[in-house]
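J.:
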Amino acid sequence: MNIIRASLVCLLAAACAAAQSASAPNALAALEQNVQQKTGQWNKLAQNLELSIVKLLPCDPKATAAITEVNRASQARIDAIAAYLKEASRQAGLQLDAAKKVLESAQTVGADLAAEKSDLVSERSGIASQITNLTQSSQNRSSFTPALDELKQISTVEQQRSEALDAATSHTDPAAAALSDLVMQLEARQAAWKDIQAAFNSEGERWTAYYAARLARAQTECSITRGPAAAPRPQGKQK
Amino acid sequence: MTRARMRPWSACLLAAALGLLPAALWMKAQSSRDAYRNAYRAWRETSAGLELDAGSAGETVAAGTAKAVQMASAYVAAHSSALKELAAEQSQNLEWLRANAVQTPPDLASAPEETRFASRESNAVSASIRTFANDPDRSLQQLRQALQREQAALEALKTAIADRQQAESNAVKTVSPAEQARAKALEQYTFLAGAISQAVDLMNQETPAWAAYYPKLADAARNPGAPPPVSVRSVNPVTVAANLPAAGDPSATAARAPITPLPLSRYTGVWNFQAGSKFFGSEPQFVDVSVHEENGYATGTFYARFKLPAGSTGDPVLRFQFSGDFKPTRMQTFSLQTSDGVAGSVQLIPGNAFNELEVNFSTEAKAGKIHQGDFVLVKQ
């Protein structure tokens, strides 16, 4: 009963993992689309920032508003990329975990096949005994020929099964070695995703620092001409 | 409150289940193995001595065979079930390997474009700094300092973009070796899973074989002195047809005219594709075909892997089962169904040499799947 319960829980967990895995590409595609949208918005504002500011007087509130708006768009883009990287890294982790499970299975299938082969040796020995006993008992009477033929045919099928098991066994070690390599590569890939995440977090901070410095310059330009810069004019509800 | 309490509990349960998964699967496999081993032992104990006594014990042996058929059937079913579990697990692994290609990370933030942007801004800021470089005005000095801080921020940004670009480049470098390892594992697993599935198919053939054997043993035990009977499952039906039983032979009812114009052995048995053999269409890497006959009815399995053109993403493996009545024609046509449930037909055409068989199949076309083939196989 406990085994059945444990198996059910495991199957449930496996089903959840499979469902997560199936929805993963869609989640990433949506996040990538969001990144493209946010990047487009930021690009448009960032490329035109200096051109739009240069025509304004130093203390024109539109200048600080324009810089603040570009900074906000930049932050939205950074957040979108960070969300994508987080999800991609999570999925890389799931893929690595799943690969480890497949490797575990590949490492144990050899023992299962060995058990199969061992059982088959007994079975084939049993049939060989049946053939010997029947041959001896029948004393070459032809009435026993059909039964003997049938036994020999079963013996042939078991020989083929033995060959199939040998063929499977011959691929277990190469399969496990390739999977072990795959796990190693996926570990390197997951580490690379984490490095990208860290590098991008750092880059995000630099973008924020740059726009803060750009805003500070605008405020300095205003203050040296006629006092402190005006606060940016409210632009309605913004996301 | 309840929800807050449930969350960690659920997480623990999930983690525990995931941790227990290999152990639970092992216990399940062991339990299945124990079940068929017990069934095997019971069958062998029940049927021990049947063959030795067959020549002398007559009806007693005949009675024992009925029980033996049941127990053999129970054993084969239990063993087949355990083997199927193993095959299913490996098929799942194979499917996972097929579905989980390692993707190249997308270019989310173009580092060259961002670097160009930062350089352009930096150049503009530098030009402004130079303009006020020697100006003693205190206000303009303040502005110069603000510009210098902005330039420092831009330089730090350029460094950060370069670092991120390097990290992305490192990630891209992991894709190719990971994909190579996956392709290698996929190739090995295709053979591994295929061979285990073949073992399952062969195991399944044993139920009807034992069901055919024991009645024959019973018949022989009842009539040990009877003249040679004619077997409809003989290795060579032509020979069988040539040795018709004498009149009055009780086994005469089992005799029949040859089904096919050529011996059934020209169709039945295990056939393989040999390198260099003739083929039309996709070139096979290997082909295993197994054909069996029971009372004029054919059943068979087909398992092959084809060489696909470079860059093709199609499935190189094809597996199907076929069945149908043997007809009094040289060429035998049977209906087939692939492991994906696709229908089609297969023709078996004996070659000029006794150990050659041409196999010609076609199925409904399905994207990424081999749907026709024609090649000459050699008997094993």
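Line by line, the protein sequences give chains D and X.
Be aware that the first sequence starts at 1, since it is given in my numbering, and climbs by one per residue.
Be aware that the second sequence starts at 240, since it is given in my numbering, and climbs by one per residue.
Built from N, CA and C at the ideal position, the CB exists for glycine as well.
(1) Suppose you measure from the CA of G487(X) to the CA of D292(X); what does that come to, to the nearest Å?
(2) Do you know offhand how far L186(D)'s Cα is from T602(X)'s?
(3) Within 10 angstroms of its Cβ, does N482(X) collect 16 or more other Cβ (buried), or is it exposed?
(4) Using a C-beta to C-beta distance shorter than 7 Å, which residues of chain D count as neighbours of E290(X)?
(5) Tell me, please, whether the stretch 130-142 of chain D touches the stretch 202-211 of chain D by the rule of three or more beta-carbon pairs shorter than 8 Å.
(6) Out of A198(D), A218(D), S155(D), which one is the CA nearest neighbour of A83(D)?
(7) Are the C-beta of F428(X) and some C-beta of chain D separated by less than 8 Å?
(8) Is the stretch 379-391 of chain X touching the stretch 363-371 of chain X in the sense that three or more CB pairs, one from each, lie closer than 8 Å?
(9) Which whole-angstrom value describes the C-beta separation of E150(D) and Y452(X), a residue pair presumed to lie in contact below a C-beta threshold of 8 Å?
(10) Exposed or buried, which one is F519(X) when buried takes at least 16 other CB atoms within 10 Å?
(11) If we ignore side chains and look at the alpha-carbon of each, how far apart do V35(D) and A366(X) end up?
(12) So the beta strand (DSSP E) D564(X) belongs to, where does it begin and stop?
(13) With DSSP collapsed to three states, give me the class of P416(X).
(14) If S155(D) sits next to I127(D), beta carbons under 8 Å apart, how far is it from one beta carbon to the other, in whole angstroms?
(15) How far does the alpha helix (DSSP H) with G583(X) in it reach, from first residue to last?
(16) Does the beta carbon of T64(D) come closer than 8 Å to any beta carbon on chain X?
(17) Helix, strand or coil: which one does DSSP assign to A287(X)?
(18) Hey, does A88(D) have any beta-carbon neighbour from chain C nearer than 8 Å?
(19) Quick check on DSSP: helix, strand or coil for K397(X)?
(20) Any heavy atom of the ligand SAM inside 7 Å of the beta-carbon of V414(X)?
(21) For the alpha helix (DSSP H) holding V210(D), just list the boundary residues, first then last.
(22) Do you know how far the Cα of A434(X) is from the Cα of Y542(X)?
(23) Leaving out five residues before and five after V315(X) in sequence, what residues of the same chain have Cβ atoms less than 6 Å from its Cβ?
(24) For V364(X) and K194(D), what's the separation of their Cα atoms in angstroms?
(25) Determine which residues share a DSSP beta bridge with T593(X) and list them.
(26) State the start and end residues of the unbroken alpha helix (DSSP H) segment that holds D527(X).
(27) What in chain D is Cβ-close to Q309(X), meaning under 9 Å?
(28) Under three-state DSSP, which class holds A486(X)?
(29) Among L547(X), N534(X), V530(X), A549(X), which one has its Cα closest to the Cα of T540(X)?
(30) If you measure between the beta carbons of E32(D) and P345(X), is that distance less than 8 Å?
(31) Using DSSP's beta-bridge definition, name the partner residues of G539(X).
(32) Name, going along the chain, the residues of the stretch 28-40 of chain D whose beta-carbon falls closer than 8 Å to a beta-carbon of chain X.
(33) Taking Cβ-Cβ distances below 9 Å as the criterion, which residues of the stretch 319-330 of chain X are in contact with chain D?
(34) Assuming G607(X) and T572(X) make a contact with CB atoms under 8 Å, what is their CB distance in whole Å?
(35) Once you ignore the five residues that flank G297(X) on each side, which residues in its own chain have a CB closer than 8 Å to its CB?
(36) Indicate whether the contact test is met: 3 or more Cβ pairs, each with one atom in the stretch 210-220 of chain D and one in the stretch 62-71 of chain D, closer than 8 Å.
T.: Let me spell this out:
(1) Counting from 1 along the second sequence, the entry for residue 487(X) is found at position 248. Counting from 1 along the second sequence, the entry for residue 292(X) is found at position 53. Caution is warranted here: a pLDDT of 35 is assigned to G487(X), below 50, making its placement in the model unreliable, and the coordinate value is therefore given only provisionally. Each residue's alpha carbon lies about 27 Å from the other.
(2) Here residue 186(D) refers to the residue found at position 186 when the first sequence is read from its first residue. Here residue 602(X) refers to the residue found at position 363 when the second sequence is read from its first residue. One C-alpha to the other measures close to 38 Å.
(3) Here the question's residue 482(X) lines up with position 243 in the second sequence. Note that N482(X) has pLDDT 29, beneath the 50 cutoff, so the model's placement of it is unreliable and no number is given.
(4) Residue numbering aside, residue 290(X) sits at position 51 when the second sequence is read from its first letter. Close to E290(X), with beta-carbon spacing below 7 Å, are these residues of chain D in chain order: Q130, N133, L134, S137.
(5) Not touching, per the Cβ criterion.
(6) Counting from one through the first sequence, the residue named residue 83(D) turns up at place 83. Nearest of A198(D), A218(D), S155(D) to A83(D), Cα basis: A198(D).
(7) Taking the second sequence and counting its residues from 1, one reaches residue 428(X) at position 189. A small fix is needed here, since residue 428(X) is Tyr in this sequence, not Phe. The beta-carbon of Y428(X) is placed less than 8 Å from the nearest beta-carbon of chain D.
(8) Taking a cut-off of 8 Å on C-beta distances, the stretch 363-371 of chain X touches the stretch 379-391 of chain X, as three or more cross pairs fall below it.
(9) Looking up residue 150(D) in the first sequence gives position 150. Looking up residue 452(X) in the second sequence gives position 213. Correct: roughly 4 Å between the Cβ atoms.
(10) Taking the second sequence and counting its residues from 1, the one referred to as residue 519(X) is at position 280. Around the beta carbon of F519(X), fewer than 16 other beta carbons lie within 10 angstroms, which makes this residue exposed.
(11) Within the first sequence, residue 35(D) is the residue found at index 35, counting from 1. Within the second sequence, residue 366(X) is the residue found at index 127, counting from 1. Those two C-alpha atoms are separated by around 33 Å.
(12) In the second sequence, counting from the first residue as 1, residue 564(X) sits at position 325. Counting along the chain, D564(X) sits inside the beta strand (DSSP E) bounded by residues 556-564.
(13) Counting from 1 along the second sequence, the entry for residue 416(X) is found at position 177. Three-state result, P416(X): helix.
(14) Working through the first sequence from its first residue, we reach residue 155(D) at position 155. Working through the first sequence from its first residue, we reach residue 127(D) at position 127. Contact between S155(D) and I127(D) holds: CB atoms are separated by about 5 Å, below the 8 Å threshold.
(15) Working through the second sequence from its first residue, we reach residue 583(X) at position 344. Taken as a continuous stretch (DSSP letters only), G583(X) belongs to no alpha helix (DSSP H), being part of the beta strand (DSSP E) at 582-589.
(16) To locate residue 64(D), count along the first sequence from 1; it is residue 64. The Cβ of T64(D) sits no closer than 8 Å to any Cβ of chain X.
(17) Stepping through the second sequence from its first residue, residue 287(X) is reached at position 48. Secondary structure of A287(X) (DSSP, three-state): coil.
(18) Going by chain labels, chain C is absent from the structure shown, which instead holds the protein chains D and X.
(19) Walking along the second sequence from the start, residue 397(X) turns up at place 158. DSSP, read as helix, strand or coil, puts K397(X) in helix.
(20) This structure lacks the ligand SAM; in fact it carries no ligand of any kind.
(21) The residue you call residue 210(D) lines up with position 210 of the first sequence. Note that residue 210(D) is Tyr in the sequence shown, not Val. Run containing Y210(D): 145-226, per the alpha helix (DSSP H) assignment.
(22) For this step, residue 542(X) is matched to residue 303 along the second sequence. For this step, residue 434(X) is matched to residue 195 along the second sequence. Cα-Cα distance, rounded: 9 Å.
(23) Position 76 of the second sequence, counting from 1, holds the residue named residue 315(X). Within the same chain, V315(X) has close Cβ partners E445, T446.
(24) Translated into the one-based positions of the second sequence, residue 364(X) becomes position 125. Translated into the one-based positions of the first sequence, residue 194(D) becomes position 194. One C-alpha to the other measures close to 34 Å.
(25) Walking along the second sequence from the start, residue 593(X) turns up at place 354. At residue 593(X) the sequence reads Phe, which differs from the Thr that was named. BP columns for F593(X) are empty, so no partner.
(26) Counting from 1 along the second sequence, the entry for residue 527(X) is found at position 288. Boundaries for D527(X): no alpha helix (DSSP H) harbours it, while the beta strand (DSSP E) harbouring it runs 523-533, taken from the DSSP string.
(27) For the purposes of this step, residue 309(X) is taken as the residue at position 70 of the second sequence. Listed by position along chain D, the residues whose Cβ is nearer than 9 Å to that of Q309(X) form an empty set, because the closest Cβ is around 17 Å away.
(28) Along the second sequence, read from residue 1 onward, the residue named residue 486(X) stands at position 247. Reliability fails at A486(X), whose pLDDT of 31 lies under 50, so the model's placement of it is uncertain and the value that follows must be treated cautiously. DSSP, reduced to helix, strand and coil, places A486(X) outside both helices and strands of the structure shown, so it counts as coil.
(29) Position 301 of the second sequence, counting from 1, holds the residue named residue 540(X). Measuring from the Cα of T540(X), the nearest candidate turns out to be V530(X).
(30) Here residue 32(D) refers to the residue found at position 32 when the first sequence is read from its first residue. Here residue 345(X) refers to the residue found at position 106 when the second sequence is read from its first residue. Cβ atoms of E32(D) and P345(X): closer than 8 Å.
(31) Position 300 of the second sequence, counted from the start, is the residue given in the question as residue 539(X). Note: G539(X) sits in a beta bridge opposite V530(X), F561(X).
(32) Per Cβ criterion, the list reads E32, V35, T39.
(33) Going along the stretch 319-330 of chain X in chain order, one finds A321, L322, L325, E328, Q329 with a Cβ nearer than 9 Å to chain D.
(34) If you number the second sequence from 1, residue 607(X) lands on position 368. If you number the second sequence from 1, residue 572(X) lands on position 333. Incorrect: roughly 26 Å between the Cβ atoms, too far for contact.
(35) The residue you call residue 297(X) lines up with position 58 of the second sequence. So the list reads A460, R461, P463, once near-sequence residues are dropped.
(36) Yes, they touch.
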